[in-house]
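Numbering (my numbering), first residue to last: 4 to 278.
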């Protein structure tokens, strides 16, 4: 599959993605679609990702790539230690960074944080339908598309032009930039981990599997939170909840993630991977 990725231009993938987004934007403006309200933001994202995935599948079929061989390779290439390390790194860096930022902003501008948390509380009142649609997108479809784009096309194309080191860093930064503001840092670190695992295994299905497991765990937490929130009195996230103990816990969580990621990168960035 490496030959396929190396032969696929980045600008072509960008064009396809933009085309798919524009196509569904046009569909969403049709009178009968607007009247039903069926094409909400969650379904829109799902359809856009599916559209790009279909394009990739058609391209792979055109070059006669055997997907089954790649999936079968998971038996030997998917390492439990690498999987657990990368997921724990992503979770600890993400949670730690969010807590630190929230506590810091609480001290600097309490009014701003109150408004932000109120907005989060409103967003948490999603329907089960929205959570499921978003879960399907984030847990299954998006990880496949993101790995094909960032670890597949972008990493391999940049590797040819700039070398492996720059390719890993740039592709991971781009990967982080498509995630929400507070998730950028953890996404960049996760992107580096996925890049190193892909370069080590030469199997894109390995990083797809790890990415799916990571996102599915988050989806399960969302479902549990929704079910609990539906059966007990709702106590919204309050600014007073984030005290000094939370700040210390956030720092500890963040430092743990950084230490683990440093170790993981050092171990996996060996002579076989580096320039």
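Note that CB positions come from ideal geometry on N, CA and C, so glycine has one too.
Here the structure is a predicted model, which means the values were calculated and not measured.
Under the three-state reduction of DSSP, residue 20 is assigned to helix. Excluding residues up to 5 positions away in sequence, 55, 58 lie with their Cβ nearer than 7 Å to the Cβ of residue 19 in the same chain. Distance check between residue 260 and each of 111, 193, 203, 225 places 193 closest, using alpha-carbon atoms only. Under the criterion of beta carbons closer than 8 Å, residue 156 and residue 24 do not qualify as touching, at roughly 17 Å. Collapsing the DSSP output to three states places residue 66 in coil. Rounded to the nearest whole angstrom, the CA to CA distance from residue 187 to residue 180 is 6 Å. The C-beta distance from residue 102 to residue 10 rounds to 44 Å, too long to fall under 8 Å, and the pair is not in contact. Distances from the CA of residue 230 to each of 80, 134, 76 were compared; the closest alpha carbon is that of 134. Note on geometry: alpha-carbon atoms of residue 139 and residue 146 lie some 10 Å from one another. With a beta-carbon spacing of about 5 Å, residue 210 and residue 154 fall inside the 8 Å limit used to define contacts. If you compare the alpha carbons of 190, 144, 196, 148 with that of residue 168, the shortest gap goes to 196. Here residue 200 is near residue 213, since their CB atoms are less than 8 Å apart.
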